[in-house]
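Numbered by this note's numbering, the letters in the sequence shown go through residues 181 to 428 in order.
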Amino acid sequence: MNILVTVKTYPTPSRRYKEIVCTAGVLEDGRWIRLYPIDYRYNNYSQWYKKYQWIEVEVKKHNRDPRSESYRPIGNIRLGKVIGTKDNWAERKRYILAKGIRTMCYLQQQSQKDISLGVVKPSQVIDFYWKPTKNRDWTPKQRDVLNQLSLLEKNRPLEKIPYKFSYYFKCEENSCKGHKMMIEDWEVMALYRKMRDEFGEERALEKVKEKFLNQICSPQKDTHFFVGTVLQWGKWIIIGTFWPQKVK
Ligand SMILES: [Zn+2]
């Protein structure tokens with residue numbers, strides 16, 4: 181399959197898959213697909229492929245995951261062209277919006293077996309906020325997994341981000357009462373980490389908000405959210421943002 185990668189979530193340690201990352205994207209016809217586990221023969225995952233890069237990979241339907249979009253990559257992944265933002269994201273839009281958008285209210289009423297990935301367009305973004313996670317560090321079980329992993333591979337140990345970031349928004353449904361949804365985009369965590377190293381935790385949190393609320397959801401942007409379900413609970417979360425300039 182040829183997949184235009186649009187989503188990478190921050191990894192969580194997993195006994196079965198080492199580190200779970202949700203990688204998602206669209207096929208040439210605009211259908212959504214989710215790929216995992218990722219093969220960690222590729223060191224330094226963060227540099228492995230870019231968002232909005234085409235990748236070519238052989239896939240198999242995921243046998244432990246009943247969601248129709250979930251596939252398992254087999255063998256090598258070939259990296260293709262990266263699609264830029266020329267003409268106000270025209271080429272990205274062509275693939276990403278090919279199947280149209282849904283409302284968040286609609287998606288939440290569906291079974292995740294039928295649909296578990298999509299694009300929504302907030303009609304109003306009310307807030308972006310964070311809460312500290314229950315534990316500041318990995319649980320002993322997660323730490324076990326990571327310790328074993330660092331013996332086998334040269335990856336830098338995965339850092340736990342001690343905050344959960346969320347958006348509060350209304351979707352396009354007239355009767356929408358608002359959605360408070362976590363965002364697990366890799367970019368949020370990467371920005372937090374970078375800013376924290378430079379300015380400390382308090383200011384880093386404000387900087388993340390500045391980018392993800394004031395910039396990405398500014399009135400000049402035609403903001404969309406990529407959303408997907410968490411398998412265990414069937415709950416929807418935000419897994420990425422898409423924010424070309426608004427066109428009159
Ligand atoms: Zn809604």
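Glycine is no exception: its CB is placed at the ideal position from the N, C-alpha and C atoms.
1. Where does the unbroken alpha helix (DSSP H) through residue 372 begin, and where does it stop?
2. Buried or exposed for residue 425, going by 16 or more other Cβ atoms inside 10 Å?
3. In chain order, what residues place their C-beta within less than 5 Å of a heavy atom belonging to ligand 1?
4. Can at least three beta-carbon pairs, one atom from the stretch 389 to 399 and one from the stretch 249 to 259, be found at a separation below 8 Å?
5. State the CB to CB distance for the pair residue 237 and residue 218, rounded to an integer number of angstroms; the pair is presumed to be in contact (CB under 8 Å).
6. Kindly indicate which three-state DSSP category residue 324 falls into: helix, strand or coil?
7. Please go through the stretch 245 to 310 and give each complete beta strand (DSSP E) segment of 3 or more residues, from N-terminal end onward.
8. So what's residue 395 in DSSP terms, helix, strand or just coil?
9. Among residues of its own chain, excluding the 5 on either side of residue 318, which ones have a beta-carbon nearer than 7 Å to its beta-carbon?
10. Candidates 407, 415, 422 and 421: which alpha carbon is nearest residue 212's?
Checking against the coordinates, here is how it stands:
1. Judged by DSSP secondary structure, residue 372 falls within the alpha helix (DSSP H) whose first and last residues are 366 to 379.
2. Residue 425 is exposed by the Cβ-count criterion.
3. Cβ atoms closer than 5 Å to ligand 1 belong to 284, 285, 351, 353 and 356.
4. The answer is no - the stretch 249 to 259 does not touch the stretch 389 to 399, with fewer than three Cβ pairs under 8 Å.
5. Taking 8 Å as the upper bound for CB-CB distance, residue 237 and residue 218 are not in contact here, some 10 Å apart.
6. The answer is helix: DSSP assigns residue 324 an H, G or I state.
7. Runs of the beta strand (DSSP E) inside the stretch 245 to 310: 250 to 262 and 297 to 300.
8. Helix.
9. 193, 326 and 340, listed in sequence order.
10. When only C-alpha atoms are compared, the closest one is 407.
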